Amino acid sequence: MIETANPDSMLITSTSPHIHEGTSVRRLMFDVIISLLPSLAASLVFFKFRSLLLVAVCTGSAVGTEWLCRKAMKRNNSIGDLSAVVTGLLLALTLPPGLPLWQAILGSVFAIAIAKQIYGGIGYNPFNPALVGRAFMLISFTAAMTTWSPSDWIGKPGDETANAHEAVTSATIRKYQKLDVDATTTATPLGLVKDSCRFGEPANAAFNYTNEVRRNLLIGNVNGSIGETSAIAILLGLAWLLIRRTFTWHATVGYMGTMALFAWILQLAGSKLAMPVDFHLLSGGALFGAVFMATDLVTSPVSKWGRFIFGIGCGFITMIIRVVPGGAYPEGGTFAILIMNAVTPLINRAMRYRRFGAVRKTQQEKVA
Amino acid sequence: MKIIKAPFKFSGGVHPPDKKIFSNAAPLQDLPLPAILKVPFVQHLGAPAKAVVKKGDKVKRGDLIAAASGFISASVHAPTSGTVKGFESLPTAVGRSVEHCVIESDGLDERSELLQPFPDWETRDVSELIERVADAGVVGMGGAGFPTSVKINPPPNKKVHTLIINGAECEPYLTADHRMMLDRTEDVWLGIQIVRKILDVKTVYICIEENKQDAIEKFSKIECDDDVMIVSLKTYYPHGSEKQQIYVTLGYEVPSGGLPADIGCVVGNIGTSVAVKEAVVDGWPLDSRCVTVTGEVVVNPGNFIVRCGTSYDELFEAAGGFRENPAKVISGGPMMGFAVANTDVTVTKTTSGILAQSLAQTMRFTSLPCISCGRCNDVCPMKLLPSDMSCAIEADDIDAAIRLNVSDCFECGCCSYVCPSHRPLVQHFRRAKGVAALNKMLKAKEMEEKAAQARAEAQKKCEIAHAESEAKIESDQIQVAVVKDEISRAWGESVDAHPGAEQSVEASNGKDDNAKPGEQEITE
Numbered sequence: 315m316i317e318t319a320n321p322d323s324m325l326i327t328s329t330s331p332h333i334h335e336g337t338s339v340r341r342l343m344f345d346v347i348i349s350l351l352p353s354l355a356a357s358l359v360f361f362k363f364r365s366l367l368l369v370a371v372c373t374g375s376a377v378g379t380e381w382l383c384r385k386a387m388k389r390n391n392s393i394g395d396l397s398a399v400v401t402g403l404l405l406a407l408t409l410p411p412g413l414p415l416w417q418a419i420l421g422s423v424f425a426i427a428i429a430k431q432i433y434g435g436i437g438y439n440p441f442n443p444a445l446v447g448r449a450f451m452l453i454s455f456t457a458a459m460t461t462w463s464p465s466d467w468i469g470k471p472g473d474e475t476a477n478a479h480e481a482v483t484s485a486t487i488r489k490y491q492k493l494d495v496d497a498t499t500t501a502t503p504l505g506l507v508k509d510s511c512r513f514g515e516p517a518n519a520a521f522n523y524t525n526e527v528r529r530n531l532l533i534g535n536v537n538g539s540i541g542e543t544s545a546i547a548i549l550l551g552l553a554w555l556l557i558r559r560t561f562t563w564h565a566t567v568g569y570m571g572t573m574a575l576f577a578w579i580l581q582l583a584g585s586k587l588a589m590p591v592d593f594h595l596l597s598g599g600a601l602f603g604a605v606f607m608a609t610d611l612v613t614s615p616v617s618k619w620g621r622f623i624f625g626i627g628c629g630f631i632t633m634i635i636r637v638v639p640g641g642a643y644p645e646g647g648t649f650a651i652l653i654m655n656a657v658t659p660l661i662n663r664a665m666r667y668r669r670f671g672a673v674r675k676t677q678q679e680k681v682a
Numbered sequence: 006m007k008i009i010k011a012p013f014k015f016s017g018g019v020h021p022p023d024k025k026i027f028s029n030a031a032p033l034q035d036l037p038l039p040a041i042l043k044v045p046f047v048q049h050l051g052a053p054a055k056a057v058v059k060k061g062d063k064v065k066r067g068d069l070i071a072a073a074s075g076f077i078s079a080s081v082h083a084p085t086s087g088t089v090k091g092f093e094s095l096p097t098a099v100g101r102s103v104e105h106c107v108i109e110s111d112g113l114d115e116r117s118e119l120l121q122p123f124p125d126w127e128t129r130d131v132s133e134l135i136e137r138v139a140d141a142g143v144v145g146m147g148g149a150g151f152p153t154s155v156k157i158n159p160p161p162n163k164k165v166h167t168l169i170i171n172g173a174e175c176e177p178y179l180t181a182d183h184r185m186m187l188d189r190t191e192d193v194w195l196g197i198q199i200v201r202k203i204l205d206v207k208t209v210y211i212c213i214e215e216n217k218q219d220a221i222e223k224f225s226k227i228e229c230d231d232d233v234m235i236v237s238l239k240t241y242y243p244h245g246s247e248k249q250q251i252y253v254t255l256g257y258e259v260p261s262g263g264l265p266a267d268i269g270c271v272v273g274n275i276g277t278s279v280a281v282k283e284a285v286v287d288g289w290p291l292d293s294r295c296v297t298v299t300g301e302v303v304v305n306p307g308n309f310i311v312r313c314g315t316s317y318d319e320l321f322e323a324a325g326g327f328r329e330n331p332a333k334v335i336s337g338g339p340m341m342g343f344a345v346a347n348t349d350v351t352v353t354k355t356t357s358g359i360l361a362q363s364l365a366q367t368m369r370f371t372s373l374p375c376i377s378c379g380r381c382n383d384v385c386p387m388k389l390l391p392s393d394m395s396c397a398i399e400a401d402d403i404d405a406a407i408r409l410n411v412s413d414c415f416e417c418g419c420c421s422y423v424c425p426s427h428r429p430l431v432q433h434f435r436r437a438k439g440v441a442a443l444n445k446m447l448k449a450k451e452m453e454e455k456a457a458q459a460r461a462e463a464q465k466k467c468e469i470a471h472a473e474s475e476a477k478i479e480s481d482q483i484q485v486a487v488v489k490d491e492i493s494r495a496w497g498e499s500v501d502a503h504p505g506a507e508q509s510v511e512a513s514n515g516k517d518d519n520a521k522p523g524e525q526e527i528t529e
């Protein structure tokens with residue numbers, strides 16, 4: 315009998331393996347939070363205080379709801395795994411800057427309580443909680459969720475870009491009387507395209523897609539959800555997540571690749587709905603969705619190529635929602651990913667690995 | 006010897022830090038002979054050996070103390086000379102209770118001459134060599150302990166064409182095979198040659214991982230024909246698994262549920278080769294082995310030649326004791342080894358190393374639900390679905406896990422090693438495999454019972470049919486007799502009535518016509 319360091323003076327016994335790589339759910343979630351920091355910073359730059367308020371309120375209410383739900387269900391406290399923080403952050407970053415705070419709170423509560431905890435908490439939710447929260451708000455508070463108070467930079471009087479945007483937007487508004495005319499309300503680039511398509515005009519007539527607009531889309535100086543506008547910030551986050559091997563590239567590449575292919579074919583066909591490929595990739599929430607939402611471990615398929623197929627499905631549905639004239643929403647990332655979430659079990663079943671040593675019958679006979 | 010790179014790569018696997026630095030520079034050394042040895046009767050896979058000595062018997066080193074019982078079993082020999090003090094039922098490192106033979110050493114360590122040495126093994130008959138390997142109680146020393154005599158004697162319908170010697174030693178920490186290859190190169194090589202002769206194969210691959218460059222170099226200096234090659238494997242876990250090793254070397258997959266012999270391969274271990282050499286050339290039964298004593302908390306980690314039956318305490322003492330008290334002692338490597346409950350368990354033929362972990366190194370986690378990250382599926386070398394299987398087992402649906410081929414899992418531990426939710430995956434699969442094995446046994450029993458019942462029924466039916474047919478034959482015979490009787494009676498009557506010869510012929514003809522239908526009836 316030897317002396318052991320174990321407090322109950324017995325050797326610890328457990329099944330193998332006795333070592334671990336060192337990852338944990340908490341660490342994965344922490345990496346996602348780190349990867350969201352560039353987007354967070356960009357939103358602070360472009361939308362200032364309103365973005366900070368939204369992020370704080372959403373994250374706080376998400377964590378609070380998680381704690382309350384676990385308490386009410388008499389389960390162990392799960393705030394420590396940081397997944398509620400991630401849900402809150404993701405939700406906040408997909409909201410328009412001018413959203414009333416009570417709506418943001420309601421969305422976060424819905425995301426955590428209905429989309430996650432009712433199913434049993436982390437790991438059991440079939441749909442991405444943040445997206446369920448966003449879809450709920452998109453349907454319940456449609457006006458507020460599609461009203462874009464301008465990015466602070468755009469809003470600066472005398473700024474040429476702002477004036478150009480203002481001009482296009484006001485023209486659109488005046489022409490179709492779709493939105494309430496409001497000094498602080500403008501449309502997103504995708505919204506302009508959608509509106510123009512709806513009334514039978516070529517998509518690229520909505521506004522002039524210049525290199526300057528392109529640059530603004532890249533750095534994020536356009537109207538949109540607070541975290542979705544800056545492509546560079548999102549790509550920085552993606553780089554971190556790939557370096558940390560939080561997930562593989564398959565879903566993201568499948569998603570963006572399909573969108574690019576779709577847009578390219580539209581252009582080749584000379585469709586009235588066609589916009590340049592990079593416009594589709596950079597504008598709206600598709601990139602944010604492809605990096606942070608379609609890659610959600612819980613709700614996407616388990617195998618690498620399953621995730622690729624999942625991404626293809628997301629990209630395809632997103633493009634359908636975007637370009638089909640007459641649709642209610644200018645962009646479709648939210649619904650595309652939620653629809654594909656529902657297909658995930660099927661993909662999982664179809665994309666199983668070939669088992670080692672699973673030889674076909676004829677081969678088995680030959681071997682024997 | 007030619008060195009080739011492994012031409013294939015298996016899917017999955019992990020690369021844990023190998024931590025062999027603690028003991029890979031320590032040459033083999035003999036452990037001082039302990040005063041008491043407790044030799045378990047089960048040191049192998051298969052039926053326990055049956056004791057052939059009794060309390061108070063004097064034994065010499067190498068004397069048989071328990072004989073193999075059954076086809077898959079192995080003999081156990083006395084590891085030193087001394088007196089049999091008795092038999093005790095004690096737990097082994099794996100945790101199950103096994104009969105141990107307690108031997109008190111007399112300190113002389115005299116060798117018995119039970120087995121005659123075969124220095125002329127090259128001219129000996131193969132069957133003689135196989136018998137010798139069986140008599141010496143040689144088992145696979147990689148961990149499973151499958152009797153070597155069975156392995157090197159495949160059924161005649163399975164033609165073996167390749168011998169693979171497993172020097173991968175992919176488990177972190179362990180260096181026993183590595184030191185064997187360095188310090189006893191000649192013996193290993195001789196053992197390989199003997200096995201090669203027994204199996205009558207031309208092609209031999211010696212698989213060594215790249216982190217044992219010195220061993221690769223040493224082997225490459227051996228003069229031999231071109232059919233023996235060193236395969237240098239990337240340092241990756243689990244290269245030491247025979248199915249994976251065959252795949253990276255030859256590109257063949259052992260069919261699910263099959264053995265390497267099914268595709269014409271036999272995989273042997275470095276330690277086993279040495280044991281075969283000693284058994285054949287020296288006539289020494291397998292009674293000792295090389296054990297790595299290692300871990301961050303051990304003062305002088307090293308590689309010891311240890312007699313089977315030595316307690317772990319002695320080994321740790323020989324290694325200089327502990328820097329700090331260990332919290333976990335593992336028999337084997339950290340990936341597949343067993344955590345022992347107590348250090349007075351003994352070394353067996355399959356103990357490749359013992360590893361002590363400090364409290365800080367032990368992992369105690371609260372497991373979370375599966376977050377479907379799919380890492381376990383990616384690293385599984387058998388390409389099973391650990392995530393799905395573990396969820397099924399957690400829901401007590403063992404059948405679903407069996408349908409997902411949980412029986413193919415060889416518990417390498419890669420899935421648990423990478424799981425961010427710290428799920429006890431291997432534990433789940435062990436449970437499911439246990440249940441699966443039990444179900445199989447019960448099913449076999451049930452089938453047997455059914456078969457017996459069917460046999461009994463068939464026999465009953467047979468008996469009835471037999472009785473019926475006998476009765477029929479009897480009745481037929483009676484009928485025949487009756488007809489014959491009638492004929493003869495009729496014949497007699499006609500003869501009586503008409504004594505004239507001509508008349509009698511006529512009459513008989515007429516009677517014959519009458520009798521014929523009766524005869525036909527009988528034949529029908």
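Residue numbers (this note's numbering), protein chains in the order written: chain D, 315 to 682; chain E, 6 to 529.
Quick reminder that beta carbons are idealized off the backbone N, C-alpha and C, glycines included.
Nothing here was measured: the structure is a model prediction, and the numbers come from that model.
Every beta strand (DSSP E) stretch that sits fully inside the stretch 146-221 of chain E and reaches 3 residues is listed by chain position as 167-172, 208-214.
Apart from sequence neighbours up to five positions away, the residues of its chain that approach E/Gly142 with a beta-carbon distance below 7 Å are Ala79, Ser80, Val81, His82, Pro290, Leu291, ordered along the chain.
When the Cα atoms are used, E/Leu390 and E/Asn382 turn out to be separated by approximately 5 Å. Shown here for E/Glu176: same chain residues with a beta carbon closer than 6 Å to its own, the five before and five after excluded, namely Gly338, Met340 in chain order.
Spanning the alpha carbons of E/Asp481 and E/Trp496 requires a straight line of approximately 22 Å.
For E/Gly314, the CB contacts under 6 Å within the same chain, skipping 5 residues up- and downstream, are Leu42, Lys43, Val44, Pro84, Thr351 in chain order. The DSSP assignment places 545-557, 564-582, 591-596 as complete runs of the alpha helix (DSSP H) inside the stretch 526-606 of chain D, in order along the chain (cut-off: 4 residues). Unbroken beta strand (DSSP E) stretches of 3 residues or longer found wholly inside the stretch 242-291 of chain E: 270-274, given in chain order. In the three-state DSSP reduction, D/Cys372 falls in the helix class (H, G or I). Contact annotation, E/Arg428 with E/Ser372: C-beta distance approximately 5 Å; criterion of less than 8 Å satisfied. Residue nearest to D/Thr401 within the set D/Phe441, D/Pro411, D/Thr560 is D/Phe441 (criterion: CA-CA distance).
Remark: three or more beta-carbon pairs, one from each stretch, lie closer than 8 Å, so the stretch 650-657 of chain D and the stretch 613-629 of chain D are flagged as touching. For E/Ser293, there is no enclosing alpha helix (DSSP H); the residue is found in the beta strand (DSSP E) stretching over 293-299. Between E/Tyr241 and chain D, the shortest Cβ-Cβ separation is not below 7 Å. E/Phe415 sits in coil when the DSSP states are folded into three classes, being neither helix nor strand. Neighbourhood of E/Ala332 in chain D, by CB distance below 8 Å: Thr318, Ala319, Asn320, Leu325, Ile326, in chain order. E/Ser316 and D/His334 have their C-alpha atoms spaced approximately 28 Å apart.
The bridge partners DSSP lists for E/Thr88 are E/Lys63, E/Glu109.
Taking C-alpha positions only, E/Val89 is separated from E/Ala56 by approximately 11 Å. E/Val271 is positioned such that its CB atom lies closer than 7 Å to that of E/Leu168. When secondary structure is reduced to three states using DSSP, E/Gly342 falls in the coil class, being assigned neither helix nor strand. Sequence-distant Cβ neighbours of E/Ala441 in its own chain, meaning closer than 6 Å and more than five residues away, are Ile407, Ser412. Between the alpha carbons of D/Ala583 and D/Ala574 lies a gap of roughly 14 Å. In the DSSP assignment, E/Asp35 falls within the unbroken beta strand (DSSP E) covering 33-35.
Of all residues in the stretch 420-446 of chain D, the ones placed with a Cβ closer than 9 Å to any Cβ belonging to chain E are Gly434, Gly435, Ile436, Gly437, Tyr438, in chain order. With a threshold of 16 other beta carbon atoms within 10 Å, E/Val384 meets it and is buried. One finds Pro425 in chain E with Cβ atoms closer than 7 Å to the Cβ of D/Leu342, taken in chain order.
The beta carbon of E/Ser86 does not come within 7 Å of any beta carbon belonging to chain D, so the residue lies off that interface. Judged by DSSP secondary structure, D/Ile651 falls within the alpha helix (DSSP H) whose first and last residues are 647-664. Contact between E/Ile235 and E/Ser225 holds, since their C-beta atoms are separated by about 6 Å, short of 8 Å.
If the five residues before and after E/Gly148 are omitted, its C-beta is found closer than 8 Å to the C-beta atoms of Gly337, Met341, Thr355, Ser357, all from its own chain and listed in chain order. Excluding its 5 nearest sequence neighbours in each direction, D/Thr318 has C-beta neighbours in its own chain below 6 Å: Leu325, listed in chain order. At least 7 Å separates the beta-carbon of E/Lys24 from that of E/Tyr242. In this structure E/Phe76 is not in contact with E/Val165, their Cβ atoms being roughly 19 Å apart against a cut-off of 8 Å.
A check of alpha carbon separations from E/Glu222 across E/Thr208, E/Ser237, E/Tyr210, E/Asp230 identifies E/Ser237 as the nearest. Taking the Cα of D/Val536 as reference, the smallest distance to any Cα among D/Ser349, D/Leu403, D/Pro410 is reached at D/Pro410.
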